[in-house]
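Heads up: the sequence shown begins at 3 in this note's numbering, then just goes up one per residue. Single-structure report; data block below.
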Amino acid sequence: MRKLTLTISITCSLFIIGCKNEKTSTNTQKEIKKAIKTQETESSKTFTKYYKSEHKATGYSFFVESKNGETSTINLFTKGGATNFNESIEIEGVVLSSFMTDINKDGFKEFFIKILPTDDSGNLELIGYASNKGKSISQIFVRKIDAQKEINSDKLTITENEITREFKENGITKKYNYQLVEGEAGYQLEPRVK
Numbered sequence: 003m004r005k006l007t008l009t010i011s012i013t014c015s016l017f018i019i020g021c022k023n024e025k026t027s028t029n030t031q032k033e034i035k036k037a038i039k040t041q042e043t044e045s046s047k048t049f050t051k052y053y054k055s056e057h058k059a060t061g062y063s064f065f066v067e068s069k070n071g072e073t074s075t076i077n078l079f080t081k082g083g084a085t086n087f088n089e090s091i092e093i094e095g096v097v098l099s100s101f102m103t104d105i106n107k108d109g110f111k112e113f114f115i116k117i118l119p120t121d122d123s124g125n126l127e128l129i130g131y132a133s134n135k136g137k138s139i140s141q142i143f144v145r146k147i148d149a150q151k152e153i154n155s156d157k158l159t160i161t162e163n164e165i166t167r168e169f170k171e172n173g174i175t176k177k178y179n180y181q182l183v184e185g186e187a188g189y190q191l192e193p194r195v196k
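See below:
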């Protein structure tokens, strides 16, 4: 009788321990699933599938919308200006952000879109538009910097009146400021060594 009671006690104890381990295993699996879900959510914050933004300037608003993918179509339009602007452009890459700044300090803000191309370089591109003293909108020619940038070293910093680019070339950090220059054919964004 004692042997039977002892056997039943041991069996019940093993059953309870097994249930606890199964519960712990289930909890661990839930924690892992939660961590994976959190990681997926955090990585999706880097690139939104659909980018949409409105920037208000004196007398009008500038809108940018893009369904991000390997190739993306960016829809740009204004509302409230003397003449409304509406344009669609296709890029190979995704829209990271957009911003307005008055680089030439003439009281009329320029509009820029920061692009991450689909290549593996991790380097950034800019697309810009000028307001032409509030009368019309035209694209800004952004002069490229002739350099072999190291992968993922390209950074753009934007302030109220300045765009600064910093990257590494052959292990050396290079810094540039951009200046907006009005030419015969329109505006150009020119890099200058900082």
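By construction, the Cβ of each residue, glycine as well, lies at the ideal position given by its N, Cα and C atoms.
Close Cβ partners of Glu184 (< 7 angstroms) along its chain, the five nearest in sequence each way excluded: By the criterion of a C-beta distance shorter than 7 angstroms, Glu184 is surrounded by no residue of its chain, once the five residues flanking it on both sides are discounted.
Reference Lys58, options Lys111, Glu89 and Ser74, closest by Cα: From the listed residues Lys111, Glu89 and Ser74, the smallest Cα separation to Lys58 is found for Lys111.
Counterpart residues of Lys177 in DSSP-defined beta bridges: According to DSSP, which records beta bridges pairwise, Lys177 is partnered with Glu168.
Is Lys157 helix, strand or coil by DSSP? Three-state result, Lys157: strand.
Is Asn125 buried or exposed, if buried means 16 or more other CB atoms sit within 10 Å of its CB? Buried: at least 16 other Cβ atoms inside 10 Å.
Classification of Arg145 by the beta-carbon crowding that lies within 10 angstroms, buried from 16 upward: Exposed, since its Cβ has fewer than 16 Cβ neighbours within 10 Å.
How long is the line joining the alpha carbons of Asn86 and Glu67, rounded to whole angstroms? Each residue's alpha carbon lies about 16 angstroms from the other.
Answer yes or no: do Gly136 and Gly82 have a C-beta to C-beta separation smaller than 8 angstroms? Result no, Cβ atoms of Gly136 and Gly82 do not sit closer than 8 angstroms.
Residue from Lys177, Thr73, Ile105 and Asn163 with nearest C-alpha to Lys151: Here the closest residue by C-alpha is Lys177.
Those runs of the alpha helix (DSSP H) which lie wholly inside the segment 80–149 and span at least 4 residues: The segment 80–149 contains no whole alpha helix (DSSP H) run of 4 or more residues.
To which residues of the same chain is Ser140 closer than 8 angstroms at the C-beta, ignoring the five residues directly before and after it? Sequence-distant Cβ neighbours of Ser140 in its own chain, meaning closer than 8 angstroms and more than five residues away, are Tyr131, Ala132, Asn134, Gly188 and Tyr189.
Endpoints, the beta strand (DSSP E) within which Glu67 is located: Run containing Glu67: Tyr62 to Lys69, per the beta strand (DSSP E) assignment.
Just the Cα atoms here: how many angstroms apart are Glu56 and Glu127? Going by the C-alpha atoms only, they are around 20 angstroms apart.
Tell me the rounded alpha-carbon separation between Asn172 and Ala84. Each residue's alpha carbon lies about 48 angstroms from the other.
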